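Novice:
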Amino acid sequence: MEENNRGKIIVRTSVIGILANVLLAAFKAGIGLLSNSIAIVLDAVNNLSDALSSVITIVGMKLAAREPDKKHPFGYGRIEYISSLVIALIVLYAGITSLTESVKKIIHPDTPDYSTVSLVIVGVAVLVKIGLGLFVKKTGEMVNSDSLVNSGKDAILDSVISSATLIAAIVFVLSGVSLEAYLGAVISLVIVKAGFEMLAETLSKILGEPGDVRLMQEIKRTVCSFDEVKGAYDLILHNYGPDTYNGSVHIELEDGCELTRVDELNREIMTTVYQQHRVILTAIGIYSINTKDEEVKALRNEIAKRVLAHEHVRQIHGFYYSKKEKAVRFDVVISFDAKSRQAVFDEVLKELEQTYPDLRFNLAMDMDYGEIGT
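For the sequence shown, the tail end lands on 541 under the working numbering, and the numbers increase by one without skipping.
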């Protein structure tokens, strides 16, 4: 999806959210004050916080769309994560405030006075918030906007609050028992929990995550589609905002591949990956592998079988054997499931040195960045 279209969709969806929430807030505030219902008044405040969230989403998207400059050569895309963080804090604040007010009403209860009209309006508001929340969340997922997704989740949580308020009102009308303060407290805890979860998810992205596993697999398949490439490994993606990635990868090439072809291949791979996945590969490392010597192939298979027999070893790659120097080099990918990755690596190296005393081994402990994201 082109950035201009994405921006328009985010702005349009946010404006719809602002208008809907302001109208709902006005209706609920009036009903809450007339019926002396703290739950409905708090519900109106939540609607205003949703409207503010939509405003923050628009501002964040506009700032994130700024062109790269000397100060920020990778662009301003991560500002969208900052706006998501602010929305998460708003949700958290709303939950804590709601909990405080609910506890006060439990200690010093007020008697609500509901009318049929107020109950009908609250019921309609529930349906509107459910529809609005699902629409905003789905749109956010479609355009990969965490801000919209968080706003949608917040709206859905608000519909839960409104539903509980409606249930409490019906119980009061039928039995005279007021439960809204207690329900408000329980729902406030749910909102606080959701706020912390949003906060943790957004902070994780700001700190840096390994990248989408599916995208990484697709990029590797694209890289391996070139005839000369015998394998693609160590793909690392650096995220600079939604759908904005720079990355690097290592590829295995035949040891007889000419340098001019290596240069051409690098450029072809970079161009193809960007065209198909919108990912900029800033670097492509080269592993030279033996492909013509059958004796070396047999040695590789033998060593690979031994190494992969270790429980937490996932893969070896970049295998090369120099007969002249009697030296073997390759990378060993060890899973993070291992209690001690270093201990597994040392065990592998020790076994190889004991089994092949005439060979010199130069191993590197590696990791699977795709595994990190699972």
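All C-beta atoms in this analysis are idealised placements derived from N, C-alpha and C, irrespective of residue type, glycine included. Remember, it's a predicted structure, so these values are computed and weren't measured experimentally.
So, at 7 Å on beta carbons, what are the nonlocal neighbours of A322 in its own chain, with the 5 sequence-adjacent residues on each side left out?
Specialist: Sequence index remark: in the sequence shown, residue 322 carries index 155 (1-based). If we look at A322 and ignore the five residues flanking it on each side, its Cβ neighbours are D217, K296, L299, G300, V303.
Novice: Would you check if the segment 336-347 and the segment 237-245 touch, i.e. whether three or more CB-CB distances between them fall below 8 Å?
Specialist: As far as the Cβ criterion goes, the segment 237-245 does not touch the segment 336-347, which means the pair count is below three.
Novice: Within the continuous alpha helix (DSSP H) that includes G362, where are the two ends?
Specialist: Mapped onto the sequence shown, residue 362 falls at position 195. Note, G362: alpha helix (DSSP H), 347-374.
Novice: Give every residue of the same chain whose Cβ lies closer than 6 Å to the Cβ of C391, excluding the five residues on either side of it in the sequence, and list them in chain order.
Specialist: Taking the sequence shown and counting its residues from 1, one reaches residue 391 at position 224. Taken in chain order, the residues that qualify are A399.
Novice: Just to check my reading of the structure: N246 and A231 have Cβ atoms closer than 8 Å, yes? What is that Cβ distance to the nearest angstrom?
Specialist: By one-based count along the sequence shown, residue 246 stands at place 79. By one-based count along the sequence shown, residue 231 stands at place 64. It should be pointed out that residue 246 corresponds to Ile in this sequence rather than to Asn. The pair is a contact, with the Cβ atoms about 4 Å apart (cut-off 8 Å).
Novice: Return the CA-CA distance between K397 and N311, expressed in angstroms with no decimal places.
Specialist: By one-based count along the sequence shown, residue 397 stands at place 230. By one-based count along the sequence shown, residue 311 stands at place 144. Rounded to whole angstroms, K397 to N311 spans 33 Å at the Cα level.
Novice: Got a sec, what are the start and stop residues for the beta strand (DSSP E) R527 sits in?
Specialist: Taking the first residue of the sequence shown as 1, we reach residue 527 at position 360. Its beta strand (DSSP E) spans residues 527-533.
Novice: Return the bridge partner residues of H405 from the DSSP annotation.
Specialist: On the sequence shown, position 238 is the one that residue 405 refers to. Paired residue(s): N413.
Novice: Going by DSSP, what residue range makes up the beta strand (DSSP E) through V310?
Specialist: One-based indexing of the sequence shown puts residue 310 at position 143. Premise fails: V310 is in no beta strand (DSSP E) and is neither H nor E.
Novice: Under the three-state reduction of DSSP, which class applies to H444: helix, strand or coil?
Specialist: Translated into the one-based positions of the sequence shown, residue 444 becomes position 277. If DSSP states are grouped into helix, strand and coil, H444 belongs with the helices.
Novice: Could you tell me which residues DSSP puts in a beta bridge with A450?
Specialist: Numbered from its first residue, the sequence shown carries residue 450 at position 283. Beta-bridge pairing links A450 to S415.
Novice: Mapping DSSP to helix, strand and coil, what is R245?
Specialist: As a position in the sequence shown, residue 245 is number 78, starting the count at 1. It is coil, neither helix nor strand.
Novice: Go to D498, then tell me how far its beta strand (DSSP E) extends in each direction, as first and last residue.
Specialist: One-based indexing of the sequence shown puts residue 498 at position 331. That run of the beta strand (DSSP E) goes 494-501.
Novice: Which residue marks the beginning of the alpha helix (DSSP H) containing R381, and which one marks its end?
Specialist: Indexing the sequence shown from 1 puts residue 381 at position 214. Taken as a continuous stretch (DSSP letters only), the alpha helix (DSSP H) holding R381 covers 380-391.
Novice: Does the segment 448-458 come close enough to the segment 425-437 to have 3 or more Cβ pairs within less than 8 Å?
Specialist: Taking 8 Å as the limit for Cβ pairs, the verdict is that the segment 425-437 does touch the segment 448-458.
Novice: I believe S355 touches S269 by the beta-carbon criterion, under 8 Å. Please report the beta-carbon distance rounded to the nearest angstrom.
Specialist: Counting from 1 along the sequence shown, the entry for residue 355 is found at position 188. Counting from 1 along the sequence shown, the entry for residue 269 is found at position 102. Rounded, the Cβ-Cβ distance is 6 Å, consistent with contact.
Novice: Specify the secondary structure class of E425 as computed by DSSP and reduced to three states.
Specialist: One-based indexing of the sequence shown puts residue 425 at position 258. Coil at E425, not helix or strand.
Novice: Is R179 buried or exposed, if buried means 16 or more other CB atoms sit within 10 Å of its CB?
Specialist: For the purposes of this step, residue 179 is taken as the residue at position 12 of the sequence shown. That one is exposed.
Novice: Is the beta carbon of L526 closer than 9 Å to that of F512?
Specialist: Numbered from its first residue, the sequence shown carries residue 512 at position 345. Numbered from its first residue, the sequence shown carries residue 526 at position 359. Not closer than 9 Å, so no.
Novice: Roughly how many angstroms lie between the CA atoms of H479 and R428, to the nearest whole one?
Specialist: The residue labelled residue 479 in the question sits at position 312 within the sequence shown. The residue labelled residue 428 in the question sits at position 261 within the sequence shown. Rounded to whole angstroms, H479 to R428 spans 36 Å at the Cα level.
Novice: Could you pull the start and end residues of the beta strand (DSSP E) that R481 belongs to?
Specialist: Working through the sequence shown from its first residue, we reach residue 481 at position 314. Residues 480-489.
Novice: Is DSSP giving K459 helix, strand or coil here?
Specialist: As a first step, residue 459 must be located in the sequence shown, where it is residue number 292. The answer is coil: DSSP assigns K459 none of H, G, I, E or B.
Novice: In the DSSP assignment, find the alpha helix (DSSP H) that holds A510 and state where it starts and stops.
Specialist: For the purposes of this step, residue 510 is taken as residue 343 along the sequence shown, with counting starting at 1. Counting along the chain, the alpha helix (DSSP H) containing A510 begins and ends at 508-522.
Novice: Within 10 Å of its beta-carbon, does G375 have 16 or more other beta-carbons around it, so buried, or fewer, so exposed?
Specialist: Within the sequence shown, numbered from 1, the residue matching residue 375 stands at position 208. Result: exposed.
Novice: Express the C-alpha separation of E514 and Q521 in angstroms, rounding to a whole number.
Specialist: Position 354 of the sequence shown, counted from the start, is the residue given in the question as residue 521. Position 347 of the sequence shown, counted from the start, is the residue given in the question as residue 514. Q521 and E514: Cα-Cα distance of roughly 11 Å.
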